[in-house]
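Student: Take this structure first; my questions come after.
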Amino acid sequence: MRLVADKLTRSYGARRIFGPLSLEIPKGTVLGVSGSNGSGKTTLLKTLAGLIRASGGSAKIFLEGEEAGAGHAPREVAWAIGWVAPDLALYGELTAEENLEFFERVRGRAPAIGRARALLEGVGLPPHSHSKKSLSSLSTGQRQRVKLAYATLHEPAVLFLDEPSSNLDADGVEVVARVVAAQRERGIAIIASNDLRDLALADETVSL
Amino acid sequence: MGWWDTGVMIPAVKSFGLAAKWFLGLGMAVICWGAFLYARPAQSFVGESSRIVFFHVPQAWVSTVAFFVSAWYSAMYLWRRRIEDDDAASAAARLGFLFCLLATVTGSIFARVMWNSYWNWDPRETSIVLLLLVYGAYLGLRGALEDPERRATLSAAYALVAVVTVPFLTFAVPRMYQSLHPDTVINAQGKIKMSSDIRLVFFSSMVAFMGLFFWMWSLDRRVSRIVREASA
Amino acid sequence: MSTRSPAPVLGAALAVLRKDLLAEWRTRIAVNALFLFAFAVLVLVGYAVGPTRLAPEDRPTVNAVLLWIVIFFSAMTGLARVFVKEEEAGTASALRLAAPPAAVLLGKYLVNVVLLFAVTAFIVPLFLVLTSFEIACPPLLVALLVLGGLGLAGASTFTAALVSKAAAKGALFAVLSIPLLLPPLVAAVSGTQVAARESSFAAGLDFVRVLVAYDGVVTTAAFLLFDAVWRE
Numbered sequence: 001m002r003l004v005a006d007k008l009t010r011s012y013g014a015r016r017i018f019g020p021l022s023l024e025i026p027k028g029t030v031l032g033v034s035g036s037n038g039s040g041k042t043t044l045l046k047t048l049a050g051l052i053r054a055s056g057g058s059a060k061i062f063l064e065g066e067e068a069g070a071g072h073a074p075r076e077v078a079w080a081i082g083w084v085a086p087d088l089a090l091y092g093e094l095t096a097e098e099n100l101e102f103f104e105r106v107r108g109r110a111p112a113i114g115r116a117r118a119l120l121e122g123v124g125l126p127p128h129s130h131s132k133k134s135l136s137s138l139s140t141g142q143r144q145r146v147k148l149a150y151a152t153l154h155e156p157a158v159l160f161l162d163e164p165s166s167n168l169d170a171d172g173v174e175v176v177a178r179v180v181a182a183q184r185e186r187g188i189a190i191i192a193s194n195d196l197r198d199l200a201l202a203d204e205t206v207s208l
Numbered sequence: 209m210g211w212w213d214t215g216v217m218i219p220a221v222k223s224f225g226l227a228a229k230w231f232l233g234l235g236m237a238v239i240c241w242g243a244f245l246y247a248r249p250a251q252s253f254v255g256e257s258s259r260i261v262f263f264h265v266p267q268a269w270v271s272t273v274a275f276f277v278s279a280w281y282s283a284m285y286l287w288r289r290r291i292e293d294d295d296a297a298s299a300a301a302r303l304g305f306l307f308c309l310l311a312t313v314t315g316s317i318f319a320r321v322m323w324n325s326y327w328n329w330d331p332r333e334t335s336i337v338l339l340l341l342v343y344g345a346y347l348g349l350r351g352a353l354e355d356p357e358r359r360a361t362l363s364a365a366y367a368l369v370a371v372v373t374v375p376f377l378t379f380a381v382p383r384m385y386q387s388l389h390p391d392t393v394i395n396a397q398g399k400i401k402m403s404s405d406i407r408l409v410f411f412s413s414m415v416a417f418m419g420l421f422f423w424m425w426s427l428d429r430r431v432s433r434i435v436r437e438a439s440a
Numbered sequence: 441m442s443t444r445s446p447a448p449v450l451g452a453a454l455a456v457l458r459k460d461l462l463a464e465w466r467t468r469i470a471v472n473a474l475f476l477f478a479f480a481v482l483v484l485v486g487y488a489v490g491p492t493r494l495a496p497e498d499r500p501t502v503n504a505v506l507l508w509i510v511i512f513f514s515a516m517t518g519l520a521r522v523f524v525k526e527e528e529a530g531t532a533s534a535l536r537l538a539a540p541p542a543a544v545l546l547g548k549y550l551v552n553v554v555l556l557f558a559v560t561a562f563i564v565p566l567f568l569v570l571t572s573f574e575i576a577c578p579p580l581l582v583a584l585l586v587l588g589g590l591g592l593a594g595a596s597t598f599t600a601a602l603v604s605k606a607a608a609k610g611a612l613f614a615v616l617s618i619p620l621l622l623p624p625l626v627a628a629v630s631g632t633q634v635a636a637r638e639s640s641f642a643a644g645l646d647f648v649r650v651l652v653a654y655d656g657v658v659t660t661a662a663f664l665l666f667d668a669v670w671r672e
């Protein structure tokens, strides 16, 4: 499987934000994207993930076993994409477990009680101590960990991480490293950040 | 050089455009003269009030046409994502709003003369007010969105929902009620009940108002394009 | 990781419904606002009109209008939240990536239907009592309330999706909804007047038909256009 971008561009009105960008990311790669604030890192990730429509060019995702095909536009394979970003929020009135269960249901999978708990434990949030607390009562760092759990819940082929280490302590940063390592086995990870700890996890880095 | 060369074509098209504009202006002047000095007042109307039909009906007609034009280009935009389609849709809406306002005001003046009250909630009056509200809402929505793509997409979506729901009032409800509106043009028998002089001025006026709309519409689109290119 | 087709829409929509109702139950913000507003307007209307201030022959006309005004304005107060809250809380991107657009619309529509029906069930009996509004044909009234409510919820949900990305959301929501909702409201009010006067269901059948047609049209249009509205 791989992700291919071909002369990908994104403009806002007449202002070019990034592009034309062409790249090919094979399975097992962790790509870092760095750049000063406002350089378009987040916009690039959003366009590759299908959250924003491209102004020109295309991004295609080739899934496992479909090397010869035409590839999929990111929007068609939203179930294969994971996303973590600072402006992403989960539902504050629900608990972490309820959040994960919701996202499983909405993706068409019957929520298995064990899965959500195991995942939360994996990001360092033992469910027995947090299962009764609504998300809004957790600390920012704890919420960031839940976001990581949300993003990997459905075992995505491509995982996008925008500033993943923000608000995390040393333990949290280790969790990010584990998540990225697990993603490397599964598919592709793309990290946008200026934080050196994040970029250290990448195999290669491009700069905008 | 043959007639198809751009050196010949472009000046030719420009002269044609110039001639058409003059023709329209002159035509409108003639129609105004005809509306007041040539056509005789119709019998079933109070005094000279039938003359309003030369202005009010074309305005109402144009505002309805503009609505459908706007909806068409909205659909085109959602399909092709070309900003020129959005220019066309919003230009049609702006003009549609203007003509709708004029139609409402002239209609109200006529109602005062004919039936002694400015507003009666006659089904056709209600429909034109609804159209006015739709235009106002559409323009209000556009005003609240800054991102050009988002503005184009969301206003196009609204225009398309409006175009399928507005006819409900126009067609579904009035059929159930008696209307005060004179039935000289749109009537149950499907015939035009006008004398020949009135008919001449009336149909000329319809054509002239349509011409006016398309001219203003092309101007508005050109302005939008120029503003966009200038701010690039 | 396996190749999967997108989630079935109905299941995902029910998940959205369940999640929204659960979140709403925990905070009760929209529910409180809706019920308090409806109750406040009801008290005002009930006091001003009361059981005796209107002549019996005027009651159907005036009370029908007032009832639907209360329902309509309650809708305007509470139904925008389904989308506005997602955008303001920042949860919209998570939902965009996880759920098929049709499921999001269906789920949010069902949430609004539940909220509106709950408020209606609360308001209508109280209104009937406070104003001594006698209904000759209750089944007709129920049909109108159900179908009118579905139409109100349908158009409001779509409009909510539009305003959630705009500035001035509160004012804009009503401005955009009113033109779309005038046709079904007119039909519902007229039908309610008939329900108050005539004891046969058939007397109001025309209005029921208009509402059914409207509900079908607005729901279809909303589903077709939602994809363009929801995604950036």
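Which chain is which? The protein sequence lines are B, A and C, in order.
Counting from 1, one number per residue, gives the positions in the first sequence under our numbering.
Counting from 209, one number per residue, gives the positions in the second sequence under our numbering.
Counting from 441, one number per residue, gives the positions in the third sequence under our numbering.
All C-beta atoms in this analysis are idealised placements derived from N, C-alpha and C, irrespective of residue type, glycine included.
Values in this document were obtained by computation on a predicted structure and should not be read as measured data.
#1: When you compare only the Cα positions, how much space is there between A/Thr-392 and A/Trp-323?
#2: Could you tell me which of B/Ser-207, B/Gly-56, B/Ala-73, B/Gly-124 sits nearest to B/Phe-62, measuring between CA atoms?
#3: Put C/Thr-443 into one of helix, strand or coil per three-state DSSP.
#4: Could you tell me how far apart the beta carbons of A/Cys-308 and A/Leu-340 are, in whole angstroms, since I believe they sit closer than 8 Å?
#5: Starting from A/Tyr-346, trace the alpha helix (DSSP H) both ways and give me its first and last residue.
#6: Specify the secondary structure class of A/Trp-323 as computed by DSSP and reduced to three states.
#7: For A/Ala-297, tell me which candidate among A/Arg-429, A/Gly-225, A/Ser-257 has the shortest Cα-Cα distance.
#8: So which residues on chain A does B/Gly-13 lean against when the C-beta distance must stay under 9 Å?
#9: Give the secondary structure of B/Pro-26 by DSSP, where H, G and I count as helix, E and B as strand, and everything else as coil.
#10: Nearest to B/Trp-120 by CA position, among B/Leu-138, B/Leu-100, B/Ala-110, B/Ser-22, is which residue?
#11: Contact between the stretch 625-641 of chain C and the stretch 583-600 of chain C: three or more CB pairs below 8 Å?
#12: Leaving out five residues on either side along the sequence, give the residues of the same chain with a beta carbon under 6 Å from the beta carbon of A/Ala-274.
#13: Report the residue ranges of all alpha helix (DSSP H) runs contained in full by the stretch 74-141 of chain B; include only those spanning at least 4 residues, in chain order.
#14: Anything in chain B within Cβ reach of C/Glu-417, meaning under 9 Å, just list it in chain order.
#15: Give a yes or no on whether 8 Å exceeds the smallest Cβ distance from A/Val-277 to chain C.
#16: Apart from the five residues just before and just after A/Ala-319, which ones in its own chain have a Cβ nearer than 7 Å to its Cβ?
#17: Can you say whether A/Gly-398 is buried or exposed, counting buried as having 16 or more other CB atoms within 10 angstroms of its CB?
#18: Taking only beta-carbon atoms, is A/Gly-215 less than 8 Å away from chain C?
#19: With a CB to CB cut of under 7 Å and the five nearest residues on each side skipped, what residues in its chain are close to A/Val-342?
#20: So, helix, strand or coil for B/His-72, using DSSP?
#21: Looking at chain A, is there any beta carbon in it that lies within less than 8 Å of the beta carbon of C/Val-658?
#22: Closer than 8 Å, CB to CB, is B/Val-106 near chain C or not?
#23: Could you tell me whether any Cβ in chain F is nearer than 8 Å to the Cβ of A/Ala-370?
#24: Does DSSP put C/Lys-525 in a helix, a strand or coil?
#25: Identify whether A/Gln-397 lies in helix, strand or coil by the three-state DSSP scheme.
#26: My output table needs one value for B/Gly-13: the three-state DSSP class, helix, strand or coil.
#27: Against chain C, which members of the stretch 81-97 of chain B pass a CB distance test of less than 9 Å?
#28: Answer yes or no: does any C-beta atom of chain C fall closer than 8 Å to that of B/Ile-52?
#29: Could you name the residues of the same chain whose beta carbon sits closer than 7 Å to that of C/Glu-527, not counting the 5 residues immediately before and after it, in chain order?
#30: Quick one: Cα of C/Val-634 to Cα of B/Leu-138, how far?
#31: Kindly indicate if chain C contains any beta-carbon less than 8 Å away from that of A/Gly-225.
#32: For C/Leu-506 and C/Val-489, I'd like the C-alpha separation in whole angstroms.
#33: At what residues does the alpha helix (DSSP H) containing B/Asp-169 begin and finish?
#34: Determine which residues share a DSSP beta bridge with B/Phe-62 and list them.
#35: Tell me whether A/Arg-252 sits in a helix, a strand or coil according to DSSP, three-state version.
#36: Among B/Leu-45, B/Gly-141, B/Lys-60, B/Gly-13, which has the Cα closest to the Cα of B/Val-4?
Tutor: Here's the rundown:
#1: Your numbering for residue 392 of chain A matches position 184 in the second sequence. Your numbering for residue 323 of chain A matches position 115 in the second sequence. For A/Thr-392, the pLDDT reaches just 47, beneath the cut-off of 50, and the residue's location in the model is therefore unreliable, although a value from the coordinates is still provided. Rounded to the nearest angstrom, the two C-alpha atoms are 17 Å apart.
#2: The sequence position of residue 62 of chain B within the first sequence is 62, counting from 1. Nearest C-alpha to B/Phe-62: B/Ala-73.
#3: Numbered from 1 along the third sequence, position 3 holds the residue referred to as residue 443 of chain C. Note on C/Thr-443: pLDDT 45, under 50, position unreliable in the model; the coordinate value appears next. Here C/Thr-443 sits in coil by DSSP.
#4: On the second sequence, position 100 is the one that residue 308 of chain A refers to. On the second sequence, position 132 is the one that residue 340 of chain A refers to. Between A/Cys-308 and A/Leu-340, the beta carbon gap of about 5 Å places them in contact (Cβ cut-off 8 Å).
#5: Translated into the one-based positions of the second sequence, residue 346 of chain A becomes position 138. 331-351 is the span of the alpha helix (DSSP H), which, as asked, contains A/Tyr-346.
#6: Stepping through the second sequence from its first residue, residue 323 of chain A is reached at position 115. In the structure shown, A/Trp-323 sits in a helix (DSSP, three-state: H, G or I).
#7: For the purposes of this step, residue 297 of chain A is identified with residue 89 of the second sequence, where counting begins at 1. Of the listed residues, the one whose Cα sits closest to A/Ala-297 is A/Arg-429.
#8: Position 13 of the first sequence holds residue 13 of chain B. Correct list: Asp-355, Pro-356, Glu-357, Arg-436, Ser-439, Ala-440.
#9: To locate residue 26 of chain B, count along the first sequence from 1; it is residue 26. Three-state DSSP puts B/Pro-26 in a strand.
#10: The count along the first sequence starts at 1 and reaches residue 120 of chain B at position 120. It should be noted that the sequence gives Leu, not Trp, for residue 120 of chain B. Of B/Leu-138, B/Leu-100, B/Ala-110, B/Ser-22, the smallest CA-CA separation from B/Leu-120 is found for B/Leu-100.
#11: The stretch 625-641 of chain C vs the stretch 583-600 of chain C: in contact.
#12: Position 66 of the second sequence holds residue 274 of chain A. Excluding its 5 nearest sequence neighbours in each direction, A/Ala-274 has C-beta neighbours in its own chain below 6 Å: Ala-300, Leu-303, Gly-304, listed in chain order.
#13: Listed in chain order, they are 96-106, 113-122, 127-130.
#14: Residue 417 of chain C falls outside the range modelled here, since chain C spans only 441 to 672, and no answer is possible.
#15: Sequence index remark: in the second sequence, residue 277 of chain A carries index 69 (1-based). Under the 8 Å criterion on CB atoms, A/Val-277 is classed as non-interfacial with respect to chain C.
#16: As a working note, residue 319 of chain A is residue 111 in the second sequence. Ser-325, Tyr-326, Trp-327, Asn-328.
#17: The count along the second sequence starts at 1 and reaches residue 398 of chain A at position 190. Reliability fails at A/Gly-398, whose pLDDT of 47 lies under 50, so the model's placement of it is uncertain and the value that follows must be treated cautiously. The residue is exposed, with fewer than 16 neighbouring Cβ atoms inside 10 Å.
#18: Locating residue 215 of chain A in the second sequence gives position 7, counting from the first residue. A/Gly-215 does not count as touching chain C.
#19: As a working note, residue 342 of chain A is residue 134 in the second sequence. Scanning its chain for C-beta atoms nearer than 7 Å, with the 5 sequence neighbours on each side dropped, one finds around A/Val-342 the residues Ala-370, Val-374, in chain order.
#20: Here residue 72 of chain B corresponds to residue number 72 of the first sequence, with the count starting at 1. In the structure shown, B/His-72 sits in a strand (DSSP, three-state: E or B).
#21: Walking along the third sequence from the start, residue 658 of chain C turns up at place 218. At least one chain A Cβ lies under 8 Å of C/Val-658.
#22: For the purposes of this step, residue 106 of chain B is taken as residue 106 along the first sequence, with counting starting at 1. Interface residue, yes.
#23: In the displayed structure, chain F is absent; the protein chains listed are B, A and C.
#24: For the purposes of this step, residue 525 of chain C is taken as the residue at position 85 of the third sequence. The answer is helix: DSSP assigns C/Lys-525 an H, G or I state.
#25: Residue mapping note: residue 397 of chain A aligns to position 189 of the second sequence, counting from 1. Because A/Gln-397 sits at a pLDDT of 48, beneath the cut-off of 50, its placement in the model cannot be relied upon, and the following sentence gives the value as read from the coordinates. Reduced to three states, the DSSP call for A/Gln-397 is coil.
#26: In the first sequence, counting from the first residue as 1, residue 13 of chain B sits at position 13. In the structure shown, B/Gly-13 sits in coil (DSSP, three-state: anything other than H, G, I, E or B).
#27: Answer in chain order: Ile-81, Gly-82, Trp-83, Ala-85, Asp-87, Leu-88, Ala-89, Leu-90, Tyr-91, Gly-92, Glu-93, Leu-94.
#28: Your numbering for residue 52 of chain B matches position 52 in the first sequence. Yes, contact with chain C.
#29: As a first step, residue 527 of chain C must be located in the third sequence, where it is residue number 87. Contacts found: Ser-604, Lys-605.
#30: Taking the first residue of the third sequence as position 1, residue 634 of chain C is located at position 194. Taking the first residue of the first sequence as position 1, residue 138 of chain B is located at position 138. Cα-Cα distance, rounded: 56 Å.
#31: By 1-based counting over the second sequence, the position of residue 225 of chain A is 17. No, A/Gly-225 lies away from the interface with chain C (no Cβ there is under 8 Å from its Cβ).
#32: Numbered from its first residue, the third sequence carries residue 506 of chain C at position 66. Numbered from its first residue, the third sequence carries residue 489 of chain C at position 49. About 10 Å.
#33: Position 169 of the first sequence holds residue 169 of chain B. For B/Asp-169, there is no enclosing alpha helix (DSSP H), since its DSSP letter is neither H nor E.
#34: For the purposes of this step, residue 62 of chain B is identified with residue 62 of the first sequence, where counting begins at 1. Per DSSP, B/Arg-2.
#35: By one-based count along the second sequence, residue 252 of chain A stands at place 44. According to the sequence displayed, residue 252 of chain A carries Ser and not Arg. Residue state, collapsed to three classes: coil.
#36: On the first sequence, residue 4 of chain B is found 4 positions in, with the first residue counted as 1. Measuring from the Cα of B/Val-4, the nearest candidate turns out to be B/Lys-60.
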